[in-house]
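Colleague:
Numbering (the numbering used here), first residue to last: 154 to 275.
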């Protein structure tokens, strides 16, 4: 399953297993440095009480937080393909919702996306 969220590209494979999450060849506890990102990435497994799948993830791009969010969404989508009845529970936990916010582009004649150059009177 392929997924793209805010310039993050991830591929997730679910296999029968013991609930292990491997990201780019590392365990998710070693890949993410903060507990928040670890919990975010593993949220789908813990919310659904699914411990009989292993997830192998290849991910690149974006920041660490957006990678954790992309992994959460990818695992949820992969679980729906394996078990369509789980869709309602995943919706209840808002695990199938994509955060569509992206950085606004810089406009011509401005200093930034919305910031203007300073006005000079004389």
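Ideal Cβ positions, reconstructed from N, Cα and C, are used throughout, including at glycine. Please read all numbers here as calculations on a predicted model, not as lab measurements.
Alpha carbon to alpha carbon, how far is residue 168 from residue 227? Give it in angstroms, no decimals.
Modeller: As a working mapping, residue 227 is identified with position 74 in the chain shown. As a working mapping, residue 168 is identified with position 15 in the chain shown. Whole-angstrom Cα-Cα distance: 14 angstroms.
Colleague: Under the rule that 16 or more other beta-carbon atoms within 10 Å means buried, what is residue 190, buried or exposed?
Modeller: Counted from its first residue, the chain shown places residue 190 at position 37. Under this definition residue 190 is a buried residue.
Colleague: Within this structure, are the beta carbons of residue 223 and residue 161 separated by less than 8 angstroms?
Modeller: Locating residue 223 in the chain shown gives position 70, counting from the first residue. Locating residue 161 in the chain shown gives position 8, counting from the first residue. Contact flag set, yes.
Colleague: Check residue 162 in the structure and name its three-state DSSP category.
Modeller: To locate residue 162, count along the chain shown from 1; it is residue 9. Residue state, collapsed to three classes: strand.
Colleague: Mapping the DSSP letters down to three states, classify residue 258 as helix, strand or coil.
Modeller: Here residue 258 refers to the residue found at position 105 when the chain shown is read from its first residue. If DSSP states are grouped into helix, strand and coil, residue 258 belongs with coil.
Colleague: Using the C-alpha atoms, what's the distance from residue 174 back to residue 198?
Modeller: Along the chain shown, read from residue 1 onward, the residue named residue 198 stands at position 45. Along the chain shown, read from residue 1 onward, the residue named residue 174 stands at position 21. Cα-Cα distance, rounded: 9 angstroms.
Colleague: Quick check on the burial criterion: 16 or more other C-beta atoms within 10 angstroms. Buried or exposed for residue 262?
Modeller: As a working mapping, residue 262 is identified with position 109 in the chain shown. The residue is exposed, with fewer than 16 neighbouring Cβ atoms inside 10 Å.
Colleague: State the DSSP-derived secondary structure class of residue 269, mapped to helix, strand or coil.
Modeller: Taking the chain shown and counting its residues from 1, the one referred to as residue 269 is at position 116. Residue 269: coil per DSSP, three-state reduction.
Colleague: Of all the beta strand (DSSP E) runs that stay within the bounds of the region 174-257, which reach a length of 3 or more residues?
Modeller: You should have 174-176 and 206-213.
Colleague: I'd like the list of long-range same chain contacts for residue 239, defined as Cβ closer than 8 angstroms, with 5 residues on each side in sequence excluded.
Modeller: Taking the chain shown and counting its residues from 1, one reaches residue 239 at position 86. Excluding sequence neighbours, residue 239 sits near 201, 232 and 233.
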